[in-house]
Amino acid sequence: MRFLPVFLDLKAGPVVLIGAGELLRAKLRVLAAAGARIRVHAIDGDRHLGLSSDDTARIEIATVDPLTADLAGVIAVVCAGAGDVGVAMSVRAKSLGLPVNVMDDLEHSSFIFPAIVDRGDVVVAVGTGGTSPVVARRVREKIEALLPARIGELAEFIGGFRKSINERIAEFPLRRRFWERVIDGPIGAAVLAGRKGEADAALRAIPDPSGFARADKPEGSVALVGAGPGDPDLLTIKALRALQDADIVFHDELVSPEILDRIRRDTTRVAVGRRVGKPGIGQDAINKRLIEAAQSGQRVVRLKGGDPFVFGRGGEEVEALRAAGVAYSIIPGITAGLGGAADFEVPLTYRHEATRMTFLTAHKARDAETVDWSTLTDTRMTVVVYMGMTAAPAVRAGLFAAGRSPETPVGVFARVTRPDEQGAIGTLRDLPELVRRINGGPAILIIGDVVRHAGSLHRQSPEKNPAQIISDLLDAAE
Ligand code: SAH
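Under the working numbering, the sequence shown has 195 at position 127, and the numbering climbs by one with no breaks.
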């Protein structure tokens, strides 16, 4: 390592900044954003520097020659767009033992600027030894995506309790265990979810911090996580983090193998979902297993296709967890209807044409009979039907009864966002026939004038069943 990452105390004194043009202004913005006191020498005589009135208290525009200016108390010298003056300034700063950075000039720099991830009290500095700032920025972007947005608040939260906990737990290793348990458990999760009041109360309610740190099983929790319709890149950042942190994952059959691949390798996976024809272990048994796993101190993820609260029985699971006093959180996912609409370019609302939408489930013809179709008469309402393949004839009958025209455009979209996705487009009259053309579910039905705008069928790649696509296009043109 040529450059050791350290953090400079900006309260200790001013930074001297020398240079010209946009390079100078850019560095000024970086230093000002960090809260530095800055003495600027604009060697091109620029007096404006794009400063706001807030800045002027901390930023002083120097008019003397930087090569002879008094540097007493200065904590660092930075040159950006300073040309030869930068090189001369570097010699001067080094002779005074002052850290100096000359932009894009490693030879004359005794320190360099990292790429910075700034989350309040948590700051991550990324360096490449000055070789490639572009690579450093790419790494920074990855870290930005990985770090919870409120990680700085978590550090601040802990900072607020550190003194009192130090007084109550004398041994350092035990103290560290205490904080690890707090961060990894429901209290940390509450801070990261923005519920600081709740976290504060929970931490204060710990009667015996040493006992809490020593307890052989930490407090477990359950995250209800939406996995989206299949494409792993459609997982939210939060969902991905939950999968990486989980000790055990209970997942539905609908969750795609590519998504299961994102689970940490040593995590236990349990398939609990129902499949058409196979009963699965049943909702009560699922609830029971979630609760038992959390009570044994594990971080549990309940992973569901799409969104947990859209035809996903997330509501029942939350009720059971609440009743058992288990800590839980809910991470939404992209529901199949939205995934299908995006992939097949069906805008679910469209100016005056579609001003509202309904998501409904028609699991079996019997269920379809219980749907109140009379609420779906409005032709400006887009109807998205889940679990509607076998019930397609009943869906059609219901919509006819509601007065919808046989010419209403419909789309059947199967395995959306997956590599083998498939769509068939036609009219309500043909709905059962369209469903027959689909080689297996899961599939959603989208019904309404907006299906006319479906754009992607003609752009699908050849491996996606060309005969199918052509016949679809002919149908759509009819
Ligand atoms: N919670 C899920 C829905 C579960 S119900 C969500 O929000 O998406 C199961 C139904 O969802 C299936 O019968 C089908 O209608 C729909 N579905 C789930 N994944 C799908 C996919 N990849 N493509 C099309 N439909 C899907």
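Note that CB positions come from ideal geometry on N, CA and C, so glycine has one too.
Checklist entry - Do Leu48 and Val323 have their C-beta atoms closer together than 7 Å? => result It is not possible to answer for residue 48, since the shown part of the chain is limited to 69 through 546.
Next on the checklist: At the level of alpha carbons, what is the spacing between Thr458 and Asp498?
Outcome noted: 14 Å
Checklist entry - CB-CB under 7 Å to Gly182, same chain, minus the five flanking residues each way: which ones, in chain order? => result Residue identity differs from the one stated: residue 182 is Pro in this sequence, not Gly. Residues of the same chain with a CB within less than 7 Å of the CB of Pro182, apart from the 5 flanking positions on each side, are Pro73, Ala193, Val194, Gly195, Ala204 in chain order.
Item to check | Sheet register partners of Ala310 (DSSP bridge) | outcome: Answer is none; Ala310 lacks a bridge partner.
Item to check | Complete runs of the alpha helix (DSSP H) confined to the segment 260 to 347 [at least 4 residues] | outcome: 264 to 272, 277 to 282, 305 to 313, 325 to 328
Checklist entry - Over what stretch of residues does the alpha helix (DSSP H) that includes Ala404 continue unbroken? => result For Ala404, the enclosing alpha helix (DSSP H) starts and ends at 404 to 411.
Checklist entry - Using a Cβ-Cβ distance under 7 Å, would Leu139 count as near chain C? => result This model lacks chain C altogether, as it is built from one protein chain only.
Item to check | Exposure of Met171, with buried meaning 16 or more beta-carbon neighbours within 10 Å | outcome: So Met171 counts as buried.
Checklist entry - Near Glu546, what residues of its chain come up, given a Cβ to Cβ distance below 6 Å and the 5 sequence neighbours on each side ignored? => result Reliability of the predicted coordinates at Glu546 is poor, the pLDDT of 49 falling under 50, and the value obtained from them is presented with this limitation in mind. No residues qualify anywhere along the chain.
Checklist entry - Could you give the distance in angstroms between the alpha-carbon of Ile493 and the alpha-carbon of Ala511? => result 13 Å
Item to check | C-beta contact flag for Val378 and Thr403 at 7 Å | outcome: yes
Checklist entry - Are the Cβ atoms of Thr485 and Gly288 separated by less than 7 Å? => result no
Next on the checklist: My output table needs one value for Asn507: the three-state DSSP class, helix, strand or coil.
Outcome noted: Three-state result, Asn507: coil.
Item to check | Cα-Cα separation, Val191 to Gly220 | outcome: 8 Å
Checklist entry - Would a C-beta distance cut-off of 7 Å place Arg218 and Leu260 closer than the cut-off? => result yes
Checklist entry - Does DSSP put Thr199 in a helix, a strand or coil? => result coil
Checklist entry - Under the rule that 16 or more other beta-carbon atoms within 10 Å means buried, what is Ala104, buried or exposed? => result buried
Checklist entry - So is the beta-carbon of Gly491 under 6 Å away from any non-hydrogen atom of ligand 1? => result no
Item to check | Complete runs of the beta strand (DSSP E) confined to the segment 407 to 447 [at least 3 residues] | outcome: Taking only runs of at least 3 residues, the beta strand (DSSP E) segments lying wholly in the segment 407 to 447 are 424 to 429.
Item to check | Contact check, Val480 vs Ala436, beta carbons under 7 Å | outcome: no
Item to check | Residues near Ala269 in its chain [Cβ-Cβ closer than 7 Å; skip 5 each side] | outcome: Cβ neighbours of Ala269 beyond the five flanking positions: none.
Item to check | Segment contact, 8 Å Cβ cut-off, at least three pairs: the segment 137 to 150 with the segment 118 to 129 | outcome: no
Item to check | Alpha-carbon spacing of His526 relative to Gly197, whole angstroms | outcome: Only weak support is given to the placement of His526: the predicted model assigns it a pLDDT of 46, under 50, and the question is left unresolved by the model.
Checklist entry - Taking C-beta to C-beta, are Val142 and Pro216 nearer than 7 Å? => result no
Item to check | Collapsed DSSP secondary structure at Asp112 in the structure displayed | outcome: coil
Item to check | Residues bridged to Ile129 [DSSP beta-bridge criterion] | outcome: Val108
Checklist entry - Taking the alpha-carbon positions, what's the Arg107 to Phe179 distance? => result 18 Å
Item to check | C-beta atoms of Met449 and Arg424 nearer than 7 Å | outcome: yes
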